[in-house]
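Below is one structure, written out as structure tokens, with a few remarks after it.
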Amino acid sequence: MEENSIIILKDRDIISVSGSDSTSFLQNVITNDINKLNESNSLYSALLTPQGKYLHDFFILKHEKNYLIDCESETAENLLSCFQKYKLNANIEFKNITSDNSVAIITYKKFQQIQKNDVVDIVFSDPRTNLMGARIISKLEKLNLAIKKLGLKLTDQEQYFETAHALGLPIKGLKKLQNQIFALELNFEEEKGIDFKKGCYIGQENTSRMKLGNKLRRRLFPLKTSNELKDGSEIFFKNKVIGKVMISKPKAFGLIKLYDPNIESFLDEDLKCNNSNVNL
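Sequential numbering from 1 applies to the sequence shown in full-length UniProt numbering.
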């Protein structure tokens, strides 16, 4: 992204979490340590199945007395349902406040320039990597005023997808991965989405066992190809299946074996998928 670019994301929902039990509730269910959160930072985290498989990922931040969750619109309703299921008798309230807010992306350099003024309601750097810039959560009217005041240029989402894909970060299509892939296979450790010192959370036992026992055997990789791939298609190296396509659009990602054969033997080689050349 160019320094003065801004991308407005139309596929994100904002969920407010409030109540006296909100901190303890979130600490007991999500993969990251909510106690590391304050009003000047943010966390990337996930909700897993009891077996440690991926269900939802999201950004979470503290705003005034509440927590705000920035999640994919396609799965927001299901995320709320999961939270309600685990709520039991806790004093906690969830509210979708998307209609009052918009989410936008700016560069990290621009974030450094504006983070201490009030041109937008909320701005925070992407906790996974500064290369993904910073995120704005703000009322649309205030966001439009900020765009004019800061001389920002509206940019297509494609640049955001390109940057994320190059960094190995799937942005869209993660619904296809629900209950299909373990958190470590989805690179949540590398993306700073798991805290292994925080104690129990849903799916913690299997996740910790996989890490401590060195049992990670597959990992999600961005796939480079000039052709369109199909979800579920097998990926071959020298006629041996070494993975399969998990997400085909808007950018392709595949779940790839790390051993048998060892990934080092084909990491820089041409792979095959549906008669198309594919590279990692």
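Every residue, glycine too, gets a C-beta built ideally from N, C-alpha and C. All of these numbers come straight from a predicted model, not from anything done at the bench.
Checklist entry - Which residue or residues does DSSP assign as beta-bridge partners of CYS273? => result Taking the first residue of the sequence shown as 1, we reach residue 273 at position 273. Paired residue(s): SER276.
Checklist entry - ILE114: which of HIS63, LYS198 and LEU143 sits nearest, CA to CA? => result For the purposes of this step, residue 114 is taken as residue 114 along the sequence shown, with counting starting at 1. Residue LEU143 is the option with its Cα nearest to ILE114.
Checklist entry - With distances taken from CA atoms, which of THR23, CYS82 and ARG12 is nearest HIS63? => result Along the sequence shown, one-based indexing puts residue 63 at 63. For HIS63, the nearest C-alpha among the options comes from THR23.
Checklist entry - Can you name, in chain order, every residue of its own chain whose Cβ lies under 7 Å from the Cβ of ASP121, other than the five neighbours on each side? => result If you number the sequence shown from 1, residue 121 lands on position 121. Excluding residues up to 5 positions away in sequence, ILE137, SER138, LYS139 and LYS142 lie with their Cβ nearer than 7 Å to the Cβ of ASP121 in the same chain.
Item to check | Outcome for ASP195 when other beta-carbon atoms lying within 10 angstroms are tallied against a minimum of 16 | outcome: In the sequence shown, the residue the question calls residue 195 occupies position 195. With a threshold of 16 other beta carbon atoms within 10 Å, ASP195 meets it and is buried.
Checklist entry - Beta carbon of SER42, beta carbon of PHE124: below 7 Å? => result One-based indexing of the sequence shown puts residue 42 at position 42. One-based indexing of the sequence shown puts residue 124 at position 124. In this structure, PHE124 lies closer than 7 Å to SER42 by Cβ.
Checklist entry - Between SER5 and LYS149, is the Cβ-Cβ spacing less than 7 Å? => result In the sequence shown, residue 5 corresponds to position 5, counting from 1. In the sequence shown, residue 149 corresponds to position 149, counting from 1. The Cβ-Cβ distance between SER5 and LYS149 does not fall below 7 Å.
Checklist entry - For ILE60, which three-state DSSP category applies? => result One-based indexing of the sequence shown puts residue 60 at position 60. The answer is strand: DSSP assigns ILE60 an E or B state.
Item to check | C-alpha gap between LEU79 and LEU145, whole angstroms | outcome: The residue given as residue 79 occupies position 79 in the sequence shown. The residue given as residue 145 occupies position 145 in the sequence shown. Between LEU79 and LEU145, the C-alpha separation is close to 32 Å.
Checklist entry - So, helix, strand or coil for ALA104, using DSSP? => result Numbered from its first residue, the sequence shown carries residue 104 at position 104. For ALA104, the three-state secondary structure derived from DSSP is strand.
Next on the checklist: Am I right that LEU229 and LEU223 are in contact with their C-beta atoms under 8 Å? What's the rounded C-beta distance?
Outcome noted: Stepping through the sequence shown from its first residue, residue 229 is reached at position 229. Stepping through the sequence shown from its first residue, residue 223 is reached at position 223. With a Cβ gap of about 7 Å, LEU229 and LEU223 count as contacting.
Item to check | Cβ-Cβ distance between LYS109 and GLU3 below 7 Å | outcome: Taking the sequence shown and counting its residues from 1, the one referred to as residue 109 is at position 109. Taking the sequence shown and counting its residues from 1, the one referred to as residue 3 is at position 3. In this structure, GLU3 lies closer than 7 Å to LYS109 by Cβ.
Checklist entry - Taking C-beta to C-beta, are TYR54 and ALA183 nearer than 7 Å? => result For the purposes of this step, residue 54 is taken as residue 54 along the sequence shown, with counting starting at 1. For the purposes of this step, residue 183 is taken as residue 183 along the sequence shown, with counting starting at 1. Going by C-beta atoms, TYR54 is nearer than 7 Å to ALA183.
Checklist entry - Going along the chain, which residues of its own chain have a beta-carbon closer than 6 Å to the beta-carbon of ASN277, five neighbours each way excluded? => result Within the sequence shown, numbered from 1, the residue matching residue 277 stands at position 277. If the five residues before and after ASN277 are omitted, its C-beta is found closer than 6 Å to the C-beta atoms of ASP270, all from its own chain and listed in chain order.
Item to check | Exposure of LYS257, with buried meaning 16 or more beta-carbon neighbours within 10 Å | outcome: Taking the sequence shown and counting its residues from 1, one reaches residue 257 at position 257. Burial of LYS257 is indicated by the presence of at least 16 other C-beta atoms within 10 angstroms of its C-beta.
Item to check | the segment 28 to 35 touching the segment 199 to 209, judged by at least three CB pairs closer than 8 Å | outcome: Segments in contact, yes.
Item to check | Pick from ILE7, LYS249, ASN35 and GLY213 that is closest to ILE60, judged by C-alpha positions | outcome: Residue mapping note: residue 60 aligns to position 60 of the sequence shown, counting from 1. Relative to the Cα of ILE60, the nearest Cα in the group ILE7, LYS249, ASN35 and GLY213 belongs to ASN35.
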